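> Residue 248 in our numbering sits at position 250 of the sequence shown, and the numbers go up by one each step. From the three backbone atoms N, C-alpha and C, an ideal C-beta is built for every residue, glycine too. Predicted, not measured: the structure shown is a model, and the values here were computed from it. To start, I am sharing the structure in question, which I have written as structure tokens.
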Amino acid sequence: MTFSIVARSTDGTAHGVAVASKFLGVGAAVPAALADVGAVATQSYANLAYRPQALALLATGMAAPGTVKALVAGDSGPVAHRQVGVVGPAGDGATFTGDACHPWAGGAAGDGYAIQGNMLAGPEVVGDMEKIWLAGDDGSRFASRLLAALRAGDLAGGDRRGRQSAALLVVAKGMGYGGTSDVWVDLRVDDHPDPVAELARLLGMHTLYFERPDPETLIPLTGAVADEVRGLLVRAGQDDADLDEALASWAGIENLEERVVPGSIDPLVLAQLRAAG
-1 MTFSIVARST DGTAHGVAVA SKFLGVGAAV PAALADVGAV ATQSYANLAY
49 RPQALALLAT GMAAPGTVKA LVAGDSGPVA HRQVGVVGPA GDGATFTGDA
99 CHPWAGGAAG DGYAIQGNML AGPEVVGDME KIWLAGDDGS RFASRLLAAL
149 RAGDLAGGDR RGRQSAALLV VAKGMGYGGT SDVWVDLRVD DHPDPVAELA
199 RLLGMHTLYF ERPDPETLIP LTGAVADEVR GLLVRAGQDD ADLDEALASW
249 AGIENLEERV VPGSIDPLVL AQLRAAG
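As structure tokens, this is what we get:
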């Protein structure tokens, strides 16, 4: 009924889950992750207790394969119908598919990832997801790499019943809003005719509003740039004599405060300011 990828970033600092299904609000049931510990996806007559149990086991130092075995061994419910994928802070991921899962059902796992799905159009869903994951890198952001793998499964046919929901969860120490949370990305599309595409649109918005700027792209607020920015801010009603304060005030109103760096301006912020002016 669902296909997902659970993975760890190349540098080991982030963990995440991307999932899609013909199921209402799949993001509320399948994914869970804890920074520096790991991530889990529970699906196919999902046992939601797997989520805290898996993270607790990983936190003790148990590897992903052992964690999956422990989850299944301790399940008093219909294990033959269950499916689960787990990735820890190091080593291979692990996946389990019960013998009674609706076909096509199966998974694949390797260093830092686990991919699984049930009631799929065919094995190519998992195969294409794995191919795209292994061919990618984190240079374009870990969340985007996860989403690319999910999109590959969607394009390969995904859930054979159709489309309804999708979700993306990524965690890393201090990477949440304002540096006060470990939840880097938490996006859900609960009911939509093309949920994976909609998830991609939301991730683009998340990148603009909540990602921190690349220091190498920052433009010094001096000379002609400073004059232009000041003029645009005045037109926007921000006439504080301190340019940094005026820019920070405008950015806060526009929900771009994560991209504010005193003495400089992010090119994306400048583009938004120009568009507003």
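Roughly how many angstroms separate the alpha carbons of HIS79 and ALA195, rounded to a whole number?
Their backbone Cα atoms lie some 29 Å apart in a straight line.
> Starting from the C-beta of HIS190, find all residues in its chain whose C-beta is less than 6 Å away, skip the five residues before and the five after it, and write them out in chain order.
Cβ neighbours of HIS190 beyond the five flanking positions: GLU196.
> Am I right that LEU201 and SER163 are in contact with their C-beta atoms under 8 Å? What's the rounded C-beta distance?
The Cβ separation is near 15 Å, so there is no contact.
> Residue range of the beta strand (DSSP E) that THR93 falls in?
92 to 95 is the extent of the beta strand (DSSP E) around THR93.
> If you check the beta carbons only, do MET127 and ALA147 fall under 7 Å apart?
Yes; because the gap between Cβ atoms is below 7 Å, this pair is in contact.
> Can you grab the Cα-Cα spacing for the pair THR0 / ALA222, in whole Å?
Approximately 53 Å, taken between the alpha carbons.
> Taking only the alpha-carbon atoms, compute the straight-line gap between ASP180 and ALA31 and give it to the nearest angstrom.
Going by the C-alpha atoms only, they are around 10 Å apart.
> Of the residues ALA92, ASP135, GLY235 and LEU241, which one's Cα is nearest the Cα of VAL38?
Checking every option, the nearest Cα to that of VAL38 belongs to ALA92.
> Would you call the CB atoms of THR40 and TYR48 closer than 7 Å?
Their beta carbons are under 7 Å apart, which means THR40 touches TYR48 by this criterion.
> For LEU166, write down the residues that DSSP places opposite it in a beta bridge.
ALA16 and LEU185, per the DSSP bridge assignment.
> Let me check understanding here. Comparing Cα to Cα, which of GLY108, ALA269 and THR205 lies closest to VAL85?
It is GLY108.
> Could you give the uninterrupted runs of the beta strand (DSSP E) lying entirely in the region 52 to 132, keeping only those of 3 residues or more?
Entirely contained in the region 52 to 132, the beta strand (DSSP E) runs reaching 3 residues are, in chain order, 81 to 85, 92 to 95, 104 to 108 and 111 to 115.
> Considering ALA273, what are the terminal residues of the alpha helix (DSSP H) in which it resides?
It spans 265 to 274 - the alpha helix (DSSP H) in which ALA273 sits, taken as one unbroken run.
> Alpha carbon to alpha carbon, how far is MET173 from ALA33?
For MET173 and ALA33, the distance between alpha carbons rounds to 10 Å.
> Considering Cα atoms alone, identify which of GLY96, LEU153 and GLY134 is closest to GLY120.
Minimum Cα distance to GLY120 is reached at LEU153.
> Is the beta carbon of ALA16 less than 7 Å from the beta carbon of LEU144?
In contact: ALA16 and LEU144 (Cβ atoms closer than 7 Å).
> I need the straight-line Cα distance from GLY134 to HIS13, nearest angstrom please.
Approximately 16 Å between the Cα atoms of the pair.
> Could you name the residues that DSSP lists as bridge partners for ASP157?
Looking at the DSSP assignment, ASP157 forms a beta bridge with LEU118.
> For PHE1, which residues does DSSP report across the bridge?
DSSP lists ALA18 and GLY115 as partners of PHE1.
> I'd like the list of long-range same chain contacts for SER262, defined as Cβ closer than 7 Å, with 5 residues on each side in sequence excluded.
The residues are LEU216, ILE217, PRO218 and LEU219.
> Report the CB separation of TRP131 from ILE3 in whole angstroms; it is logged as a contact under 8 Å.
With 8 Å as the limit, TRP131 and ILE3 qualify as a contact, their Cβ atoms being about 6 Å apart.
> From PRO76 to ASN45, what distance separates their C-alpha atoms?
One C-alpha to the other measures close to 9 Å.
> Quick one: what does DSSP say ARG210 is sitting in, helix, strand or coil?
ARG210: coil per DSSP, three-state reduction.
> Taking the continuous alpha helix (DSSP H) assigned at GLY36, which residues delimit it?
Counting along the chain, GLY36 falls outside any alpha helix (DSSP H), though it belongs to the beta strand (DSSP E) covering 36 to 41.
> In the DSSP assignment, what residue or residues form a beta bridge with ALA31?
According to DSSP, which records beta bridges pairwise, ALA31 is partnered with ALA37.
> Which residues in the same chain as LEU231 place their Cβ atom closer than 6 Å to its Cβ, once the five residues preceding and following it in sequence are excluded?
These residues qualify, in order along the chain: ALA244 and TRP248.
> Which of helix, strand or coil does DSSP assign to PRO191?
Coil.
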